[in-house]
Structure formats: structure tokens, C-alpha cells
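There are 2 protein chains.
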Amino acid sequence: MVESFFVFVPIGSVLALIFAFYQAKKVLSFPQGSDLMIKISTAIREGANAYLRRQYTGVGLFFAFMFVVLGIMAFMGFLTPFVPFAFITGGFFSGLSGFIGMKIATAANARTAQASSESLNRGLRVAFSAGSVMGFTVIGLGLLDLSIWFFLLKYVFYAHLAGDGASQINAIASAMLTFGMGASSMALFARVGGGIFTKAADVGADLVGKVEAGIPEDDPRNPAVIADNVGDNVGDVAGMGADLYESYVGSIVATIALAVSAGYNFGGAAVPMMLAAVGTLASIIGSFFVRCGEKTDQRVLLGALRRGTYISSALIIIAAFPVIYFALDCAQYPERMGVYAAVISGLFAGVLIGFFTEYFTSDTYKPTQELSASSLTGAATIIIGGISLGMLSTLLPVVIVGVSVLVSFFASGGGVEFSRGLYGVGISAVGMLSTLGITLATDAYGPVADNAGGIAEMSRLPAEVRERTDALDSLGNTTAATGKGFAIGSAALTALALIVAYIDEIKLKAPDFLFDLSIVNPPVLIGLFMGTMLPFLFSAMTMRAVGRAAQKIVHEVRRQFREISGLMEGTADADYAACVDICTRGAQKEMIAPALMGIASPIVIGLILGVNGVAGMLAGATTSGFVLAIMMANAGGAWDNAKKYIESGVHGGKGSDPHKAAVVGDTVGDPFKDTSGPSINILIKLLSMVSIVFAGIILKFSIF
Amino acid sequence: MVESFFVFVPIGSVLALIFAFYQAKKVLSFPQGSDLMIKISTAIREGANAYLRRQYTGVGLFFAFMFVVLGIMAFMGFLTPFVPFAFITGGFFSGLSGFIGMKIATAANARTAQASSESLNRGLRVAFSAGSVMGFTVIGLGLLDLSIWFFLLKYVFYAHLAGDGASQINAIASAMLTFGMGASSMALFARVGGGIFTKAADVGADLVGKVEAGIPEDDPRNPAVIADNVGDNVGDVAGMGADLYESYVGSIVATIALAVSAGYNFGGAAVPMMLAAVGTLASIIGSFFVRCGEKTDQRVLLGALRRGTYISSALIIIAAFPVIYFALDCAQYPERMGVYAAVISGLFAGVLIGFFTEYFTSDTYKPTQELSASSLTGAATIIIGGISLGMLSTLLPVVIVGVSVLVSFFASGGGVEFSRGLYGVGISAVGMLSTLGITLATDAYGPVADNAGGIAEMSRLPAEVRERTDALDSLGNTTAATGKGFAIGSAALTALALIVAYIDEIKLKAPDFLFDLSIVNPPVLIGLFMGTMLPFLFSAMTMRAVGRAAQKIVHEVRRQFREISGLMEGTADADYAACVDICTRGAQKEMIAPALMGIASPIVIGLILGVNGVAGMLAGATTSGFVLAIMMANAGGAWDNAKKYIESGVHGGKGSDPHKAAVVGDTVGDPFKDTSGPSINILIKLLSMVSIVFAGIILKFSIF
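Pasting the structure below:
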């Protein structure tokens, strides 16, 4: 009976994809505005397409290479033969999510600007619909990938194992986990590459345009201005989509893997998949509640966006009850109903982390207002202030995740049966991500609004339109910050579930392996040290990459100002494509080293420290990555808004010395919040995924 | 027979104290120079004394309070009756070490400047001798405290347990561990308070003096200039002394505690104590080899200082062999000789971490040179560059500590008998710290030379003298940076030994306690998360404290410039004492919250998450604290030297735009390297110490 539940998963997938298609049609039905607006938007779209084309070519080569490597490993018996194919599909769907999201985002920017000239609500609707396409594409493709593999494995490849529920679902989960590795590899390339692109363009444009040439932001005379707008799309849209695609499928698959050791078998596997399917419907319903009036007040606008998320969450809380009740057969085993608390704790944790992220980064609250005041004594004090704000802001998310893990674990029966508690932790990650359709829509809305603001500026739309796009853009900054908090929180919970899935995978491969995961076991301890260090090393690599790529942009912009006569006077056009091209090349080249580091670390550390050491490394990387990512994201967000707060007229306003100091803070924050910080989310999941896929090799060849 | 070895410990202590006394006499025999120099030096000394008086009064109250609390706990049977007294002596000797070191440092600054007017070698000798007083006082008092308690416990209080070697040494170790908590509490107050004082004065002096009034550094017209010099003494001398005192006794006592479970009993306890005693002699001999010619070349000077350390290390390597051979009865158990490898690996790890710290922070190497070049594109790029340099520099120290732990563990027989391996890890910490007499001398030399440079500047000594003091001062920056690396490395190894000692303590108190230290056990995992976050929270608190205290100095300096007529013209004296007083009050007030956070965290977390959770927290705090401390110390050191490199004439030299950008980096680095970074070392040890002392309470009252 339980197995018939699974049919809801492809239904959920199709629903999500239909809704995404419907939203896309709606966005495209809006007019694009004036010729100038179309011209700018086209330039951005072409730049973004060019970037993604090149990125996917490069990444395609990597995937082909990995396909061969995994194929050889499968041939040698270290992996099941499905692994190379699962790896490819994971990467393909992750990339496709980002591609579709970006396509629609670049189509929506001019339309949002144009719609804002009619009314604020129209502008919001276009931008939010564009974000929805992204959100629902991610969950639709995620559920599609899950469905295809689940049904193929269950009814075709592993049909012979059907007699014994436990070993069939074990084999299925084990094979499916590997498409997570494909998804995270793709996500890492997308996030790191996109992050480098966007910040190289941003920093490069600012350093020469704003500082040296003294022209305003988003000025069409700046040759890097289009690249800057392209960056918002390839970094914040395509990168974010690939990232959360990966968290989404990762948390579901990891929880399926945990269902077996918890003794729940197919019923336990049905819960995360059903929650995801139910969440799809809840998100669709919630998204109809996102609308606003004509007041540009930020709190009102934020309320409009939040309403959708809250309604979706409430619907999931209602629907999760029967899902758990029937799937886990709670009529017979009433104690299993505790898993319901795990769903709720995950949902609450996501909302709370988002709230505190907003508290620390929005200029409507004290921390960012105080930060902007620290600009009065210069750049050094605002830098110190931002870093300490970021560090301080790690306390509550850690406590929230801690409480959520404890509640999920013990409510799900971890006190009686350890593995049931761990299953509960996995469920809480799924619970947090069950609203992904709408939370991601809210998040992807940000870059669309940002681009719309840029286009409004460049095409010199009337003041009232600009006021509206500015309001939408400001709102986008807040949703982007809370979206990052959500991405980090869900990544941490997913990574925890994956660590446990890793241990289960080892047990499956080598039932006699003697675990010693004690923190005083030297390989574990050293693994912890190494893992703790990895996010720092990774951040250093990505920040340095941004620096190098930005230098190239600086030289190019300077060259154009020097060589193109009439550029500063506005009589000649800048060569935007050259800057886009340099960013593309730079990002492609620079993303390789950090990505390879992420893939190679678990293998190298595993070969030396063994299985226990890998587990220690994963725990260290997850904890330190979580803390560091929050610190970087929040420090960056707060600097950005502290600058905007000053620009609103406080502490001397635009052009004053405090403003200059705040610009330094904002520039430092750029790679923090848009390159290194968000990439860490993916790093910690990728480390787990690689560890799981290479478990067989490590078991056989490691020194310890 | 083995027990007669212990008599070497008081002998080593007395030797160290005699040598410190002899060096102090030597320093005081040098002339103090002109009246102006005496006047300046007196002002610094009085300021430092005033600070320490107030600090010890405040800390005295805290100790009295803790004495009562621990007394009540002992009365209720949670602690042995020695604990309150051991706590007091640990704090007392730690404070005394800092006090004596600071006394001689403030007496040596003018003498070093004066001696430099005769020859470079004389200047070096005075400064190094002053540093030696500090180094040998720390080890002398450390061994004295150890000896007193060891002999009292063994032959008086626990004499009745003498029949059974294991239970006697267990009881002794358990009682002695608590004086570590006294020492770390004292150290935390000294480091945090001193760190806040020194950076508040430094930042305050720079922000108004250099930036607003446009007068040079160390200009006597700046009212905060004396406070700045006082800060070097109370932060870098008294704070550093208390810090390493604590690592020194902590590592020895922890290793003694581990000796029992390793089955070595008194022989195993003799090894760390003997190594410390032997190290004393080796350090004394090594310090006679520190001398130089008249070339101000940095590499030559550094070589002169290093020679002493290398010779001491070589002597210890030779002497450790017979110590281990006889103490562990290796004639009968040849496999125990593997412990020797642990000593060597610890020594090497210390030297290597020091070397890489130098590589990343000295302007004779590429990283800092590249960092200074990043100032060409402004303050933002040098900030990003410094942070990523700091993050990058964490890789090698983590690998070095990892290799050292692995080597120590397995060479000492951890593969066969787990607890023997852990004993080896403790021994490697003792090995690293066995050269403390001379390494600390090299380190405490720094602030003396720094002060001497300041006095030479303020009293306008001839150019050739200034050239020499500048050379000594530059050298001091390098030794301070490597000293910090050494302090962090030894703190990490000590903290690891203390974590194991904590677990042993629980086993002793509750033999039936069921440990589950697995990283997937939720309390451990959440403990890891909390522990990983604590150093970030702590750094945020200390950085914000510096900011607040610096603001007060800024207002005071501005007030003096405004109200004291003739100050800028040099016809009226500034009110130096007022600035010293404000720094003192500020530091006293601001050090309370971070220190209490350090003391309260293990208790609060323990009451919620239980023993396993505390162990997880300690592991998380140790790993993340180690990485964060290195990142902050190295970023700060590199910014400082990148600025100095530019001042040497590169990239436009002093006053150029790149120089201004580098000053921003340097100012950000100040609290990084002198307040937050070094305080983290103590935090991670204090957390372990508090956990050990409060183990009984946690066992009884915790929720999990």
C-alpha cells in the first residue's frame, strides 16, 4: 500500500514543471519597454548565454572525464554500474535548473522595469513570477530525477531484490546518492564560477568607473556595466539554483538511505518524497498570495513576499500529519508520530535563521545601523565592525540548528533507537527544504529586481519608476540575504544527514568494518582539524580568484576609457562584450582549482586517514563551514546595507567620507557574500557526496 | 628509583629562577640614558604598574569569588578540598610571571635604547636579557608550582595512597589539573585585558594623531603615545607570559594525568617533568649563544636569535633519550622508546609552525610582498588580500599539527594500546614547550625592542642609533609573529591533551559512565557546532571591546588637542596619565564579558548537553580556535609588515595612496593579531580546564 504513495512524486514533479511553464508564459506576455531597454536587456542576455555556453562546455569536459573515471571504477567493482549515469543525470538536471532560471531571469529584467512604470504591484508580479520559474523548475526537475531513478531501480534494475524491502531500498538509496555528487559538482562549478564572474565584474566596474572615472553606478559609459548585470544572473540565479537543487535532492536521498537503518524501509523512504511532493502543491498555492499595493515601504513589501512563504509552511504543517501517519503506519506504531516534530522543527529552523539573517543585515535594525555609524571613524573601523558583526551573528544560527537537531533526534525516537533519531535529523532537513519552491522564488526574485533597477537607471526612466524599481531592488537585497541564510541552514542539515548516510554506506559495503568515530581517535581528530581548515582554504582560494579576475577587468576598462574616443562624452559605445568575455574566461579558469580542491580533499584525506578520518573531516568541514559561511554572508550583507543606509542620507550621505569608508566595506563584502560564503554551502555537501561515492576505494586503499 | 627523578624538577625551577635573577641584574646594570629618556621610560613604567595594580585588584576579586564557589563545591563533595587552593596558586603564579616580566621589560626599554647608542650587539643583549627574565621566570615559577603541589600531594596529603602507584598518581594529577584552571583564568584576563588596552591605545593614538592631527607615530605631542607604549608591555609581555605559563603547566599536568591510563604511573609522570627540567638547562645554555655583529641585516639578526633556540632544541633532543630510557624502563620495555619520537615531533612542529608563520608574515617573502602590492588598488583589495592570506596560511600549521599528532600517537604505541598513543600526544606538547625558556625570551624581546624604538624616536637620538633600534624593532615584529605561531601550536596540542585528560577525569569520577564520543551522536555533534562557534563569538566580543575602548581614547585625545594650548607647538605637555587611565578602565570593564563567556560556556553547555556534548564542544573549539587564531594572527602580522614594506620606499612609500590603504589594513590587523587572535589560545585551554574542574557537577546535573 505504501508503495503506491510514490506515484505522488512524479505527479508533484509534473505539477511543478507545469506551474513553472505557466509562470514563464506569464512573464513573457509582458512588454519589454523601449528600444533602449530592449537593447540593454539583450546585451545582458547574450552575455549570460555566452557565459553559460562556455561554462557548460568546460564542465561538460569535466563530466565526461568523471564519467570515464567512475566507469572504470564501476568496471573494477568499486561502484555499481549505475553510478556513472546517476552522476551525469545529477549534473545535467542541476545545470538545467540553473540554465532555465537564468533564461527567464534575463528575459524578465526589462519587463520588470517596464511593468514598474505602470504600477509597483505589476513590477513585483513580473519579478516574482520570474523567480517562481526558477524555484519550481528546481523542485520539478529534482523530483523528476528522483522519480526516474527510483522507478527504474525499483521496478527494473533492482526488481529482483523486491522480496526483501530493506536490501532493495538500500541498493536504491546507495545508487541514488551518487547523483547527488553530480549535482554538487555542477553546483560548485556554477556557484564558484558565477561568483567569481559577478564579483570580478562588480569590483572591476567600481574600482575604475566609480573611483577613478567618477561616473555613477550602472552608468552605460562604464564598459563593465553589462558584465556586472550579467554577473547577477550567472551568480545569483544560475549558481543559487544549482546549489539548492543539490540540497533538495541531497536531503531527500540521504533521508531515504537513513530510512532503512531506522527500520522504516519503504514507508520511511516515502516520507521525504511525499513531503517534497506535498511541498510543491503548498508552494504553488502560497505563491498566489504574493501581491502588494502601491506603497514602497520595505516592511509592507517584505510582508507581501513573506505571506506566500508562511502560507506554504502552514499548509505543509497540516499536510505532513497524514503523510507521516499513513506512511509510517502510526496507527500501529503511534510513537513514530514523533517524526512529525522533526518536520516542524526543520521548517521553524529555516524561518528563524532567515529572520535572524535579516536582523543582522537589514538597515531597519540596530546591528547594521551601528555598523554604518562606525564608518564615521574611517574604513578600518567599519571593516572591524563588519567582521565582528558577522562573527557575532553566528551564535543564534548555531543554537537554532542545535535545537533543531536535538528536537528532531529525540522526538523521532533517537533516545530509544539511535538510527531513528538520525532519520529524524534527515527529515528535519527535508522539512526545511519542503517550501523550496516558494523560498527560492523569493530569493531568485532579487537579481531580477536588481537588473530591473540597473536597466531603469541606464535607460533613464522617469523618477517615479526608478523609485519603484529601487524599492523592489532594496527588497531583493533583503530576500537575497535571508535566502543565503536559508541555503546555509539547509546545507548544514543536509550535510549532517549525508555524514550519517556515508557511515551507512560504509556499513553496507563492509559490514565488518570497525568504526571508531570517537573525537579522541587520532584519525578522527586530525580529520576534524583538516575539515575545519578546508572552508578557510577554500574561501582564500575563491577570494584570491576574484581578485585576479577583477584585476583583468580593471585593465580592460582603463584601456577602453583610454582608447575609445568619445566614450566618456557618451558619443561612442563601450565594448561591453570584451568585458563579458574577460569575466567569462577569468571565471572559467579560476573556478577549476577550488572545485578540484573540493573533489580531491576527501579522496586524499581518505587515503591517508581512512574511513574514520573522513568522517571526522566531514564533521569538521560542516561545522566550520556553517559558521564561516554565515559570518561571511552576514558581514557582506551588513556592509552592503550599511552603505545603502548612508546613501539614504545618514552620516553625511553619498560622497561623504563615511560613505567612502562604507564603500570599502561593501567592496570587501562582495566576495564574502557572493563568492566565498555561498560556495562553502556546496563545498560541505560535495565533500560528503565525494566521500560516499569513493567509499569503496577508501576502504580498500587507505593507510589507516 | 624513578621517584628520585622528581627531585630534578625543583632543581630546574631554582636554576631557572637564579638565571632569571642574574639576567635581571645584568639588565639593571646598564645605564638608562639621558634625563628625557628616563622621564619617558618612567612614565611608561608608572602607567604599566598602574594598569597591573588595577587589573590584579579586579582579578583578585574574581579569584576570591571563585575560591568561595569552589570551596562550597568542595564542601558539597563535588571537588577535592585542594581544588580551591590549587586554583589560587595557579592564578597567583601566572599573574606573578606576567608581573615580573613586565617589571623588567619596562626597566629595559630606555636601557636598550641607550645601549644601542654604543653598539647593535649591546642593544640586542639588553633587550634579549630582559626577554630572558620573562622566559625563565615563567618556566621557573611553573616548575615551582608543579613541585610544591607534587611533593605536598605525594608525601603529605595522598601519602596514604602510596601503596598503589596508579591511584596515588591519579589523585595527584586530578588535583593538580585544577591549578591549570587558575592559571588559564588569570591568563585570559591578562591577555584580553592587555590586548584591549594595547589596541585601544594604538588605534586611538593613530586615528587622531596620525590621521586627524597629522603628526608622526611615537610623537611625544600625542597624548596617547605613552598609553600605546604601556600597552606593548601589558599586552605582549604580561599577557603572553601568563598565556604560556598556562600552556606550560597545562601540558605537563595533562600528560601526568595521561600517564596512568597508559600504564606508566610514576615513570610516565616523570617524563614530562624531567623534560621540562632538562629543557630549562638547555634553554640557559642556548641563551648564551645569542649575540650579533654590527650589521643591521634582518636575516643575520634573526639568525643570531634563532641560533639560541636551535642549540637548545638540539640539547633537548640529546637529553630526552636517557630521560625516556630510564624513566620508562626501556631496558625492559624497548617498545616504549617510541615516546622519544613524540618529543622530537613536538619540537619540530613548534619550529616548523614558527617558520611558516614567518614565511606568511615577513616582508622578506612573497606573500607579504604581494599583499603590499594589493594596496595599489586601494584599501578594499588589501583587506581582502590580508584575510585570504590569513586563511591560506592555516593549511600548513594544520597539516603540521596533524602529522605531529599521528607520529606521536603511533610511535608511542597507540596502535597497540590506545591510551599510550594519547600519552604520546601529551608528550609532544611537552616536547614543543620544553624550549619555552628561550623561545619566550625571543618573543618577549619584541616589545622591549619596540618600546626602545619608541623612546629613541621620542627622545630624538642620533640617526645611527635610530637605525639600530629600528633594526631591533623590525626583528621584534618577526619574533613576535613566530612567537604567536608557537603559542597557538602549543595551545592546540595542550588543549588536545586536556580533552583526553577530561575524559580520564570523568572515568575516574564515574567509572560506569557510558561514553559515546562518536561524532554522529547528537550531543557530541551539537557540542562540535557550539564549540566551533565559540572562538568566533569570542573574537567578536573582544574586537567590539577594542572598538569601544578606542572610541573613548579618540574623544580624550581630541579633547586634549582642543583644550591644552601649546600642545601642538610642543610648548605644553600632554596629560599622558589621563589616556593611560582611560585605557585601564576600559580594558578592565571590557575584559569581563569575554572572560565570563569562556568560563560559563562549558558549564552551560555541559548542563544541557552532558559530558559527551562537552567533549564535542572542546574538540570543536580547539580545531576552530586553532584555525581562526592562526588566520587572525597571520593576517594581522602580514598587514603590519606590508605597511612597513611600503614605508621602506616601495609602491610610493610613506604618505602615498597605497600607504594609506596599507594603514587601513594595519589598523584592522591590530585587534586581529594582538587582541582576539592570541586570546583564542587561552580560551581553548580555559574551556578544557573549566570542563575538568566542573566535571562532577556536569555528571550529576546535566540533562543528557
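Protein chains in written order, with my numbering: chain Z, 3 to 706; chain Y, 3 to 706.
Ideal Cβ positions, reconstructed from N, Cα and C, are used throughout, including at glycine.
For Ser520 of chain Y, the pairing in a beta bridge is given by DSSP as Z:Ser520. By the Cβ test, the segment 52 to 68 of chain Z is in contact with the segment 181 to 193 of chain Z, since at least three Cβ pairs between them sit closer than 8 Å. Contact between Gly100 of chain Z and Ala244 of chain Z holds: their C-beta atoms lie close to 4 Å from each other, under 8 Å. About 12 Å separates the beta carbons of Tyr647 of chain Z and Gln300 of chain Z, which is beyond the 8 Å limit, so they are not a contact pair. With a cutoff of 7 Å on beta-carbon distance, Ser626 of chain Y and Pro524 of chain Y are scored as not near each other. Counting C-beta pairs closer than 8 Å gives fewer than three between the segment 404 to 418 of chain Y and the segment 437 to 444 of chain Y, which falls short of the contact rule. Measuring C-alpha to C-alpha distances from Asp659 of chain Z to each of Y:Val450, Y:Glu214, Y:Thr383 identifies Y:Glu214 as the nearest. By the neighbour-count definition (other C-beta atoms within 10 Å, threshold 16), Ser650 of chain Z is an exposed residue. Given a length threshold of 3 residues, the segment 660 to 700 of chain Z has no whole run of the beta strand (DSSP E) inside it. The alpha carbon of Tyr447 of chain Y has as its nearest neighbour, out of Y:Gly133, Y:Gly125, Y:Gly485, the alpha carbon of Y:Gly133. One finds Met393, Leu394, Thr396, Leu397 in chain Z with Cβ atoms closer than 8 Å to the Cβ of Leu539 of chain Y, taken in chain order.
Apart from sequence neighbours up to five positions away, the residues of its chain that approach Cys332 of chain Z with a beta-carbon distance below 8 Å are Ile326, Arg338, Met339, ordered along the chain. In the DSSP assignment, Ser414 of chain Y falls outside any alpha helix (DSSP H) and carries neither an H nor an E. If you draw a straight line from the Cα of Gly456 of chain Y to the Cα of Thr396 of chain Y, it comes to about 32 Å.
Segment contact: the segment 515 to 532 of chain Z against the segment 369 to 385 of chain Y, fewer than three CB-CB distances shorter than 8 Å; contact not assigned. Taking all protein chains in view, the Cβ of Tyr335 of chain Z is surrounded by fewer than 16 other Cβ atoms within 10 Å, so the residue is classified as exposed.
Spatial neighbours of Arg223 of chain Z in its own chain (CB-CB distance under 7 Å, excluding positions within 5 residues in sequence) are listed in chain order as Ile217, Leu569, Met570, Gly572, Ala576. Around the beta carbon of Lys656 of chain Y, fewer than 16 other beta carbons lie within 10 angstroms, which makes this residue exposed. Under a criterion of Cβ atoms nearer than 7 Å, the residues of chain Y adjacent to Arg546 of chain Z are, in order, Ser390.
About 12 Å separates the beta carbons of Ala547 of chain Y and Leu394 of chain Z, which is beyond the 8 Å limit, so they are not a contact pair. Between the alpha carbons of Ala631 of chain Z and Ala112 of chain Z lies a gap of roughly 32 Å.
For the pair Ser690 of chain Z and Leu620 of chain Z, the CB atoms are nearer than the 7 Å cut-off.
Taking a Cβ-Cβ threshold of 9 Å, the residues of chain Z close to Gly423 of chain Y are Pro524, in chain order. Chain Z places a beta carbon closer than 7 Å to that of Ser520 of chain Y, counting this residue as a contact. The Cβ atoms of Gly392 of chain Y and Ala207 of chain Y do not sit closer than 7 Å to each other. For Gly657 of chain Z, the three-state secondary structure derived from DSSP is coil. With a 10 Å radius around the Cβ and a threshold of 16 neighbouring Cβ atoms, Asp475 of chain Y comes out buried. When Cβ-Cβ separations below 7 Å define contact, Ser626 of chain Y makes contact with chain Z. Of all C-beta pairs linking the segment 12 to 23 of chain Z to the segment 159 to 179 of chain Z, fewer than three are shorter than 8 Å, placing the two stretches out of contact. Counting of Cβ neighbours within 10 angstroms places Val606 of chain Z among the exposed residues, the total staying below 16. The beta carbon of Ile318 of chain Z lies closer than 8 Å to those of Leu277, Val280, Gly281, Ala284, Val345, Leu349, Gly433, Ser436, Thr437 in the same chain, with the five residues before and after it left out. Shown here, Gln34 of chain Y sits in coil according to DSSP, grouped into three states, outside any helix or strand.
If you draw a straight line from the Cα of Val652 of chain Z to the Cα of Pro449 of chain Z, it is about 26 Å long.
In this structure, Gly233 of chain Z lies away from Thr180 of chain Z, with their beta-carbon atoms at least 7 Å apart. Annotation: the segment 283 to 365 of chain Z contains the following complete segments of the alpha helix (DSSP H) (minimum length 4 residues), in chain order: 300 to 329, 341 to 363. Not a single C-beta of chain Y is nearer than 7 Å to the C-beta of Ile490 of chain Z.
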